[in-house]
Each structure stands twice: as structure tokens, then as C-alpha cells.
Amino acid sequence: MMRPHESAFAALVMEGVSKRFPGTLAVDNVSMEVRAGEIHALMGENGAGKSTLMKILAGAFNDYTGAIRVGGQEVRLESPMAAKRHGIGMVFQELSLARPISIAENLLAGRMPVTRWGMLDRRRMLDEARRCLELVGLDINPLKTVEEISQHEAQQVEIAKVLGNAPCILILDEPTSALSREEVHRLFAILRDLRRGGLAIVYISHHLPEVFEIADRVTVLRDGRKIATRDIADTTPQALVQMMVGQTIERFYSRRETAWGGSALRVEHLTRHGFFHDVSFEVRKGEILGLAGLSGAGRTELARSLCGLDPLDHGVVNVCGEEFAGDYPQAVAKGLVYLTEDRKVDGLFLRLSVEKNLLAALLPFHSKAGIYRSGRDIFVTRKYLEELEVVAASAETDAGTLSGGNQQKVLLGKWLATNPRVLILDEPTRGVDVKAKRKIHESLLAIANRGAAMVLISSDLPELAGLSDRVLVMRRGRLIGEMHKEDLSEEALLLAMNGHEAPAGRSP
Amino acid sequence: MIRRTRPISHIIEMAGIYVVALLLLIAGAFVSPDFPTAENFVNILSAVALLGIVSSGMAFVTFSGNMADLSVPAIMAFSGIIAVAALPLGLAPALVMGILAGVAIGAMNGLVVGKLNANPILWTLAVAFFMEGFMRFTWSNNQVYPDTAPGTPGAAFIEIFRMHAGPVPLVVVIMLALFAAGHLVMTRTRFGHESRLVGSSRAAARASGIRVSRVVFLNFVVAAFAAAIAGILITSMNKLGVFYLGQGYDFKAVTAVVIGGVMLSGGRGHIPGVFGGVLVIGLLANIMTFLGITAFRQNIVMGIVFIAVVGLQQYRLRAQGKDYA
Numbered sequence: 007m008m009r010p011h012e013s014a015f016a017a018l019v020m021e022g023v024s025k026r027f028p029g030t031l032a033v034d035n036v037s038m039e040v041r042a043g044e045i046h047a048l049m050g051e052n053g054a055g056k057s058t059l060m061k062i063l064a065g066a067f068n069d070y071t072g073a074i075r076v077g078g079q080e081v082r083l084e085s086p087m088a089a090k091r092h093g094i095g096m097v098f099q100e101l102s103l104a105r106p107i108s109i110a111e112n113l114l115a116g117r118m119p120v121t122r123w124g125m126l127d128r129r130r131m132l133d134e135a136r137r138c139l140e141l142v143g144l145d146i147n148p149l150k151t152v153e154e155i156s157q158h159e160a161q162q163v164e165i166a167k168v169l170g171n172a173p174c175i176l177i178l179d180e181p182t183s184a185l186s187r188e189e190v191h192r193l194f195a196i197l198r199d200l201r202r203g204g205l206a207i208v209y210i211s212h213h214l215p216e217v218f219e220i221a222d223r224v225t226v227l228r229d230g231r232k233i234a235t236r237d238i239a240d241t242t243p244q245a246l247v248q249m250m251v252g253q254t255i256e257r258f259y260s261r262r263e264t265a266w267g268g269s270a271l272r273v274e275h276l277t278r279h280g281f282f283h284d285v286s287f288e289v290r291k292g293e294i295l296g297l298a299g300l301s302g303a304g305r306t307e308l309a310r311s312l313c314g315l316d317p318l319d320h321g322v323v324n325v326c327g328e329e330f331a332g333d334y335p336q337a338v339a340k341g342l343v344y345l346t347e348d349r350k351v352d353g354l355f356l357r358l359s360v361e362k363n364l365l366a367a368l369l370p371f372h373s374k375a376g377i378y379r380s381g382r383d384i385f386v387t388r389k390y391l392e393e394l395e396v397v398a399a400s401a402e403t404d405a406g407t408l409s410g411g412n413q414q415k416v417l418l419g420k421w422l423a424t425n426p427r428v429l430i431l432d433e434p435t436r437g438v439d440v441k442a443k444r445k446i447h448e449s450l451l452a453i454a455n456r457g458a459a460m461v462l463i464s465s466d467l468p469e470l471a472g473l474s475d476r477v478l479v480m481r482r483g484r485l486i487g488e489m490h491k492e493d494l495s496e497e498a499l500l501l502a503m504n505g506h507e508a509p510a511g512r513s514p
Numbered sequence: 008m009i010r011r012t013r014p015i016s017h018i019i020e021m022a023g024i025y026v027v028a029l030l031l032l033i034a035g036a037f038v039s040p041d042f043p044t045a046e047n048f049v050n051i052l053s054a055v056a057l058l059g060i061v062s063s064g065m066a067f068v069t070f071s072g073n074m075a076d077l078s079v080p081a082i083m084a085f086s087g088i089i090a091v092a093a094l095p096l097g098l099a100p101a102l103v104m105g106i107l108a109g110v111a112i113g114a115m116n117g118l119v120v121g122k123l124n125a126n127p128i129l130w131t132l133a134v135a136f137f138m139e140g141f142m143r144f145t146w147s148n149n150q151v152y153p154d155t156a157p158g159t160p161g162a163a164f165i166e167i168f169r170m171h172a173g174p175v176p177l178v179v180v181i182m183l184a185l186f187a188a189g190h191l192v193m194t195r196t197r198f199g200h201e202s203r204l205v206g207s208s209r210a211a212a213r214a215s216g217i218r219v220s221r222v223v224f225l226n227f228v229v230a231a232f233a234a235a236i237a238g239i240l241i242t243s244m245n246k247l248g249v250f251y252l253g254q255g256y257d258f259k260a261v262t263a264v265v266i267g268g269v270m271l272s273g274g275r276g277h278i279p280g281v282f283g284g285v286l287v288i289g290l291l292a293n294i295m296t297f298l299g300i301t302a303f304r305q306n307i308v309m310g311i312v313f314i315a316v317v318g319l320q321q322y323r324l325r326a327q328g329k330d331y332a
């Protein structure tokens, strides 16, 4: 018995596809094929050319070179319309739904059924919307607005919207980055169904376990070139990482000495109604405290309220022995800083230079009587660009043009430059390539060794287990357990986060 | 490895508006032999001085991502009226009160936009509308005249606009001084740097430990301060205060700011560019006057120039792949 993808014909063939941007060849002579009825993973570090390649397929460029065939027929994908017409459907990382309007209107945007008189045909709209939702097995009222549904339901709606155009190739870009474990499993069930229906699926991901769970084949890109295509059954995570990085990675996390100093951050009975309740913990100088939890457990909200970015209803925050009750600028002045969850929303100044970004948090530190002293600018910029190995054409490059990994390094550098005493990190390596991730981890360990305290919020369990000295588990706004370094493993964390089993160790 | 020198594109961007000004100068020379004379250049500068003063302040609002302060005309008129009304107290107190009156409106704008996150365009438009009604009601639609008998503060007041420093009118000196001060504030102060960050991304600025509402407050105060000075000068020029004196300065100032390379979306641009934008507007108007084009038709041209410049900026950003924010 042959496996489905072995018998299937090629739904999409690319031959010698290239795309040049001023200064770089982003996609360099890539050939690959995707078969009907397979899930084909596309992997590579940030900047490897995955996104550009997929944008070519989505019709974002009209100046690519090379041949693309869909269902055996040569096509030119010069516009998003052309891509859609040839049956290519793309689900982007950032959802493109309009939030205040109904699911039905979102699903049928651009192809609303109308009556003979040119009026909206509501019945047909609803029927068609339900048909689309059925494709992803989603049973919700299509008249609800997108605001009223959860993030993962919104993503399913997004997929339904693309499927509504009856594509023969479905491309998903990092579809799980904002989803919890359970939601990922639901998404995978949908994808398996679609595969059975003969759809060709391209699945872009950084997440190795996911790729091994869901994909049939995998293609690895590096520096714009295709390295290899492999059957998942014939490869290993180590082999894939090696193809992506191009060099062997011996160790991910280095050991560190474990001599903590005095209390750096102590919080007592922190409560913000509706978000988190009665949270107390302490972090000592040099310690990395992990915060585990599913998305929506209240970790980000806790962090933001703790440092004065969002309101706090009850509780006391104590930084290095001094009580702190102020706004965020005061927190920063005291050395309590928060690296935000989403670098594109409130992390980086995308249209300012790398240098301006690195210096952004230093303004109060480098100003006297309102006058900004720029004397140390060059020094600071050079120091953090070199220390974090930021790859940028120059310090004047716009931060928005950098790859995800380099953006995240710049964001970290902005806070390291303020020499913080307590650093709260919210998803410090989300959507970041392997090499940049390793560099960021090294930097974090180094500054912890120099005596900074850290609170690490992460959905990346190997990262959380590998970096933390201790992990607090948060669920539905409460701390439900504590795990020490010896007990930390991916499996133990997963169980604890889901509340299935009381984790080993005492509760806080 | 890290280059400190600004890329060529940066320098061209910086000089771009002055290249346009130079081209207009050359074009002007062909239009009329009276154009390239020292006298005409002083004329051009005088003609744009009030606009330049308003623009030097407006730039801060645009730069910080708040697009435009449309209450500028109201601030100008109000400052002038208050200054004239306060003249019996003496010239200096009158000027101070006039400026304070304008700054008070700016403070209110700054508070509402900065703290309460009101839409800057709609809020300042509402303020302009309200202030016009308020001034017409309070002064019963009348013009307010200073007492200009020789030796009175009123006589000194209407002289302000007519004073010269050598061959250069005082207004031109004030404009140049404000542009110089604005440039220093923008590049050398904490506030200037914070304005750039806020203009580039309000959310990221807040999450970088910047008091966004205070920065926005100050931006509107700066704009109102400059508008108040322009208002007092235009009142001095007209020898009377009245509610409609600032008319048209809102849009013209935004045009100058945008032509000068400050992005309407905030965060990009610089004060020397705005001065260049003001010069280009002045040269354009002057040349059109030499060509016998009437004021109303000049407005049509200005509107087209504005649309063209905004369109071009947007197009260029997209071409460079910089339209991500």
C-alpha cells in the first residue's frame, strides 16, 4: 500500500525561482514541488527566504524569475488576484480579518451574494458562510463579529475564508505561533482532514516537533537557496537543524553557577480583577524565574501590571528592598524593565534606525535638565550591535527591514543598555531563528550571571525548561505550582500548565 | 563594521527640498528680471514669515504622529484679540497675555489628545469651530482696535510688525530664530528625541518608558506658542484683532511641513526641511504672482502640490519597502 502522497501528482511545481531585492538575492534559484494530498513543511531560519518564496506564490511580486506550474499548467503569479485565480490560498501569520464585522461578511468579502436588485442576499450569504465554516469543522454563528470569538477560532475562520475560494494549494505561515497546545491539536486535525481531501498544503514553521507531528515531507531553505527536500520518516530533528544552520550545534544551554544574591523582586498578593489573583513570588539577584502557562493564563497581564504599564488593583511590589508603586517610567528608572511580547506592536520603532531603537530607553538616563547628551551614543550602539551579533547593513538601517531574529536582538539590546536590575522577558525568542535564539539565550545567561534577576515568560517549553532556575506555573490567573530545576522537563511543564496533575514540589 | 556616516540617500533626502527651492530660483529668474533681486528675496521671506512661524510649531505636532493642529487659525486670532484687549496694561503684559491665551488652548489640546487619546484632527477642528463662535459671540462679531495714539502701547503694538533689523524685517528674524530654536529642541533635547519616538510608534514609546501623554501635551503647547506669536504679529500687521485673522494658516502650515519631508504618519523628518518647505511655498507663490496668477488660483496650485507631495512620499516608501509602519 502506497502512502497517499507517493501516488499523488504534483499540484505545485517551482523551477529555478529567484527574487532579487536591492542588494540581496532573497530567493536564489529554488526548485521544489508540492503534491496533492501532502503536508509539505518549509523550514529555515529567519532570512532564509521562506517568506519571500511564499509571497511570490501569493502574487506579491511581479518581477520574480523562474517557472511556476499549478496542476501542470505554467502560470505567472503577478498579482494577488492572479494567485487566487490559479487556486493558491494563503493564510498569513497576522490574521487579516476585520474585527468589528461579522464572520459571514469576512468570509465572503469581495464575493457577497446579491439579489436581482443588487441588494445583499442574506440567506445565501449565511448558507455560504456556514458551508465555509463546515470545511474547518467550526460550529459558530456566522453573524457573530470577529471580536466576539477567540484567537484560534478567528484563525479557523481565516482558513475557512481561504478555503471558501476552493484553492488547490493552501499555504500556512507559522499558524501555531499564537495558539495553545490544545488549539494546535485541533488545527492539526483540520489539516489532516484537508490532506485526506486531496489538498496540497505548505506549512511554514520554526517548530520542529510540530513539523514531525504533521508534515509528510520537509524542504529546508538557507540563505535563499534550497538545501534539501526529505521525507519526514527519513530525517531527524538534529539533521534538520543542521541543514538550517549549516553547522553543528553541540549544546544549546550552558551550565551556570547557582549562587543567588539578595531579593531583587518580591511581589505580594498582586490582583487585577479578571486577569490574575493573589499572585506572590520572589526572585533573587542572578536568578531566572520561569513563568509557565497556556496563552490566556494571565502571565503577560501580570507582567504589565507589575511594572506599571497596566493598572493593578491590589498588592505590593518590592524592587531590591524598596517598595515600588509608580508608573512604568519610574519602574525603568528603578531598573525594573519589561521586554514586550510583540516586537511589532509595542517593542520596536519599525521605521526608526537600529541605532535610535537601541538608544530609545536610554533617553532619561542620558539627559540632564532636559538636554540630551549624545556623547555615548556611538559607544552604546556599537557595544550592543557587536555583543548581540546584530546583522544589519548599518546602524542607520530601519529596524523594520531586519529579520525577526535581529529585531528581537535589537529589542533586547534596548533594555540591556539601561543596565536593568530586574528584567521581565515576554516571549524573548518568539518567531526567531535557531542561531539568533541561541545568541539571545547566551546573553540572558551572561547578564543573569552578572547579577540581574529575570522573570521569563515563554511558550517555548525547551527554552523555559533550559533557562529557568525555577518555574512557577500559572493557570487561569493563579499560581498553581512551582517546579525546581531538577524536576523541569517539557512533559512535566505541559502537564502542570494544563492542570492535569499537581507538579512535583511545594506550592508557593 | 558600523558606519557612522549618513548614507547618501539620507543626504539627498535632507537636501531634496532645497534642490527644489534652487530650481524655483532659476525658474524665477526666467520669469522676471525683478525676481532675482535682494529686494525681492527679502519680500519672499517677509511674505512667508508668518507661515514659517506657524509651521515651525506645527512641525512638532506632525512629527509626533498627531498629524495637524487645525486650531491654529483660532489660536492666532484669539492671541491677537487678547493682546489688543490687554494693551491698556502696557505693551509687555499685553504680549505675554496674548501668548498665554494661545498657549492655554494648546495646553487643552495637548491634554485631550495626549491623556484622553482624542483624534487630534477632529478635536482641534472642534476647538477651532468652538473658538470662532466664542470670539464672535464675545466681541459681537466686531473687530477689536488698539488705541494707536502716539506714545500709547497701542502705537508700539502696531509698530512691531513694521520693525526692521537693518534691511531685514523683524518677522523674518523671529521666523529664523524659531526655526533655529525648533531645530535645537528637536535634535538636542530629551523632549525632541521623545517626540520622534512617540511619532514613530506611540505604543512602543510607552513600552520604552516614555510618558507619552506629557510629550504629546508639550507638542501641542509648542505648536500653540508658535501660532500665538504669529497671531500677535498678524494682528499688529492688520492693526486690529478679529476672529478670522488666522484663516488658511492651518492647511498652508501642514503643506509646508509635509513638503519639507515630515511624514504625516509621524517620526520621519526634520526642522531644516520644514524651513525648506516654507521657502518653496514662498517662491512658488512669488513666481505665480509675477506670472499674474491670482490668489485663488494659487490656492488651487497649492492644493495640487500638497496632494502630489503626499502621494509621492507614500509611493517612494512603498518602492523602498518601507511602508511597514
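Chains as they are written, first to last, in this note's numbering: chain G, 7 to 514; chain P, 8 to 332. We put the beta carbon where it would ideally sit given N, CA and C, even for glycine.
*Report the residues of the stretch 342 to 357 of chain G with a CB closer than 8 Å to any CB of chain P, ordered along the chain.*
Val343, Tyr344, Thr346, Val351, Asp352, Gly353, Leu354, Phe355, Leu356 and Arg357
*Who are the Cβ neighbours of Arg213 (chain P) in its own chain at under 7 Å, not counting the five residues just before and after it?*
Indexing the second sequence from 1 puts residue 213 (chain P) at position 206. Excluding positions up to five away in sequence, the list reads Val219.
_Positions along the stretch 170 to 204 of chain P whose CB lies within less than 9 Å of some CB in chain G_ = Thr194, Arg195, Thr196, Arg197, Phe198, Gly199, His200, Glu201, Arg203 and Leu204
_For a test of the three-state rule: what should DSSP assign to Glu12 (chain G), helix, strand or coil?_
Start at 1 with the first residue of the first sequence, and residue 12 (chain G) comes out as number 6. Unreliable positioning characterises Glu12 (chain G) in this predicted model, as indicated by a pLDDT of 42, which lies under 50. The coordinate reading is nonetheless provided below. Helix at Glu12 (chain G).
*Tell me, which residues are paired with His171 (chain P) by DSSP?*
Position 164 of the second sequence holds residue 171 (chain P). Beta-bridge pairing links His171 (chain P) to P:Pro176.
*asked:* Please tell me whether Thr242 (chain G) and Glu216 (chain G) are closer than 8 Å, where the distance is taken between their beta carbons.
replied: Locating residue 242 (chain G) in the first sequence gives position 236, where the first residue counts as 1. Locating residue 216 (chain G) in the first sequence gives position 210, where the first residue counts as 1. In this structure, Glu216 (chain G) does not lie closer than 8 Å to Thr242 (chain G) by Cβ.
_Simplified DSSP assignment, three categories, for Lys291 (chain G)_ = Within the first sequence, residue 291 (chain G) is the residue found at index 285, counting from 1. Three-state DSSP puts Lys291 (chain G) in coil, outside helix and strand.
*What residue does the beta strand (DSSP E) around His212 (chain G) start on, and which one ends it?*
The count along the first sequence starts at 1 and reaches residue 212 (chain G) at position 206. Segment: none, His212 (chain G) is in no beta strand (DSSP E) and carries neither H nor E.
*Where the beta strand (DSSP E) through Arg231 (chain G) begins and ends*: As a working mapping, residue 231 (chain G) is identified with position 225 in the first sequence. Here the beta strand (DSSP E) through Arg231 (chain G) covers Arg231 to Asp237.
_Looking at the strands, I want to know which residues DSSP matches up with Ala32 (chain G)._
By 1-based counting over the first sequence, the position of residue 32 (chain G) is 26. Ala32 (chain G) is not bridged to any residue.
*asked:* Restricting to Cα atoms, I'd like to know which of P:Pro174, P:Gly199 and P:Gly173 is closest to Pro370 (chain G).
replied: Start at 1 with the first residue of the first sequence, and residue 370 (chain G) comes out as number 364. Taking only the C-alpha atoms, the option nearest Pro370 (chain G) is P:Gly199.
_For Leu451 (chain G), the three-state DSSP class (helix, strand or coil)_ = Within the first sequence, numbered from 1, the residue matching residue 451 (chain G) stands at position 445. Three-state result, Leu451 (chain G): helix.
*Sequence-distant residues of its chain with Cβ nearer than 8 Å to Val110 (chain P) (five each side left out)*: Locating residue 110 (chain P) in the second sequence gives position 103, where the first residue counts as 1. Excluding residues within five positions, the ones whose Cβ falls inside 8 Å are Val228, Ala231, Phe232 and Ala235.
*asked:* Any contact between the stretch 273 to 290 of chain G and the stretch 325 to 340 of chain G? By contact I mean 3 or more CB pairs, one from each, below 8 Å.
replied: no
*Any residues in the stretch 280 to 301 of chain P with a beta carbon nearer than 8 Å to a beta carbon of chain G? Which ones, in chain order?*
none
*Would DSSP call Asn412 (chain G) helix, strand or coil?*
As a working mapping, residue 412 (chain G) is identified with position 406 in the first sequence. Asn412 (chain G) falls in the helix class under three-state DSSP.
*When you compare only the Cα positions, how much space is there between Arg427 (chain G) and Gln336 (chain G)?*
Here residue 427 (chain G) refers to the residue found at position 421 when the first sequence is read from its first residue. Here residue 336 (chain G) refers to the residue found at position 330 when the first sequence is read from its first residue. Distance between the alpha carbons of Arg427 (chain G) and Gln336 (chain G): 13 Å.
*Give me the Cα-Cα distance between Ile24 (chain P) and Ala260 (chain P), rounded to the nearest whole angstrom.*
Here residue 24 (chain P) refers to the residue found at position 17 of the second sequence. Here residue 260 (chain P) refers to the residue found at position 253 of the second sequence. So the alpha carbons of these two residues sit roughly 16 Å apart.
_C-beta contact flag for Ile74 (chain G) and Tyr209 (chain G) at 8 Å_ = Numbered from 1 along the first sequence, position 68 holds the residue referred to as residue 74 (chain G). Numbered from 1 along the first sequence, position 203 holds the residue referred to as residue 209 (chain G). For Ile74 (chain G) and Tyr209 (chain G), no; Cβs fall outside 8 Å.
*Could you say if the stretch 431 to 451 of chain G and the stretch 354 to 365 of chain G meet the contact criterion of at least three C-beta pairs nearer than 8 Å?*
no
*Cβ neighbours of Thr254 (chain G) in the same chain (closer than 7 Å, five flanking residues each side left out)*: Indexing the first sequence from 1 puts residue 254 (chain G) at position 248. In this prediction, Thr254 (chain G) has a pLDDT of 43, which is less than 50 and means its spatial position is unreliable; what the coordinates show is noted afterwards. Correct list, in chain order: Gln248.
*With a cut-off of 8 Å on the beta carbons, I'd call Asp466 (chain G) and Thr435 (chain G) a contact; round off their distance for me.*
By 1-based counting over the first sequence, the position of residue 466 (chain G) is 460. By 1-based counting over the first sequence, the position of residue 435 (chain G) is 429. At roughly 6 Å, the Cβ-Cβ gap stays under 8 Å, so Asp466 (chain G) and Thr435 (chain G) are in contact.
*Whose Cβ in chain G lies nearer than 8 Å to the Cβ of Ala214 (chain P)?*
As a position in the second sequence, residue 214 (chain P) is number 207, starting the count at 1. Under the 8 Å cutoff, chain G gives Leu315, Tyr334, Tyr344, Thr346, Asp352 and Gly353.
*Taking C-beta to C-beta, are Gly65 (chain G) and Met87 (chain G) nearer than 8 Å?*
In the first sequence, counting from the first residue as 1, residue 65 (chain G) sits at position 59. In the first sequence, counting from the first residue as 1, residue 87 (chain G) sits at position 81. Contact: yes.
_I'd like to know whether the C-beta atoms of Pro63 (chain G) and Glu39 (chain G) end up nearer to each other than 8 Å._
Taking the first sequence and counting its residues from 1, one reaches residue 63 (chain G) at position 57. Taking the first sequence and counting its residues from 1, one reaches residue 39 (chain G) at position 33. Before going further, note that residue 63 (chain G) is Leu rather than Pro in the sequence given. No; because the gap between Cβ atoms is not below 8 Å, this pair is not in contact.
*asked:* Determine whether the beta carbon atoms of Leu345 (chain G) and Leu318 (chain G) lie at a separation below 8 Å.
replied: On the first sequence, residue 345 (chain G) is found 339 positions in, with the first residue counted as 1. On the first sequence, residue 318 (chain G) is found 312 positions in, with the first residue counted as 1. Taking 8 Å as the Cβ cut-off, Leu345 (chain G) and Leu318 (chain G) do not qualify as a contacting pair.
_For Gly419 (chain G), count the other beta carbons within 10 Å of its own beta carbon; 16 or more makes it buried, fewer makes it exposed. Which is it?_
Indexing the first sequence from 1 puts residue 419 (chain G) at position 413. Label assigned to Gly419 (chain G): buried.
_So for Lys374 (chain G), helix, strand or coil by DSSP?_
Here residue 374 (chain G) corresponds to residue number 368 of the first sequence, with the count starting at 1. In the structure shown, Lys374 (chain G) sits in a strand (DSSP, three-state: E or B).
*Nearest CA to the CA of Leu77 (chain P): which residue from P:Ala99, P:Ser71, P:Ile128 and P:Val151?*
Here residue 77 (chain P) refers to the residue found at position 70 when the second sequence is read from its first residue. Nearest option by C-alpha distance: P:Ile128.
*Does any CB atom of chain G fall closer than 8 Å to the CB of Ser71 (chain P)?*
For the purposes of this step, residue 71 (chain P) is taken as residue 64 along the second sequence, with counting starting at 1. Cβ-Cβ to chain G under 8 Å: no for Ser71 (chain P).
*For chain G, find out if any of its Cβ atoms is closer than 8 Å to the Cβ of Ala210 (chain P); answer yes or no.*
Here the question's residue 210 (chain P) lines up with position 203 in the second sequence. It does: the Cβ of Ala210 (chain P) has a partner Cβ on chain G nearer than 8 Å.
*Step through the CB atoms of chain P and report whether any lies within less than 8 Å of the CB of Ala367 (chain G).*
On the first sequence, residue 367 (chain G) is found 361 positions in, with the first residue counted as 1. With 8 Å as the cut-off, Ala367 (chain G) counts as an interface residue toward chain P.
*Using a cut-off of 8 Å between C-beta atoms, extract the partners of Ser156 (chain G) located in chain P.*
Position 150 of the first sequence, counted from the start, is the residue given in the question as residue 156 (chain G). In chain order: nothing, as chain P lies at least about 23 Å away.
_So, for Glu402 (chain G): in the same chain, excluding its five sequence neighbours on each side, which residues have a beta-carbon less than 7 Å away from its beta-carbon?_
Position 396 of the first sequence holds residue 402 (chain G). The answer, listed in chain order, is Ser359 and Glu361.
*Closest to His171 (chain P) by CA distance: which of P:Val49, P:Gln320, P:Ile294 and P:Leu30 is it?*
In the second sequence, the residue the question calls residue 171 (chain P) occupies position 164. The shortest Cα separation from His171 (chain P) among P:Val49, P:Gln320, P:Ile294 and P:Leu30 belongs to P:Val49.
*Pick from G:Ile107, G:Gly411, G:Gly292 and G:Gly314: whose alpha carbon is nearest that of Met460 (chain G)?*
For the purposes of this step, residue 460 (chain G) is identified with residue 454 of the first sequence, where counting begins at 1. It is G:Gly292 whose Cα lies nearest to the Cα of Met460 (chain G).
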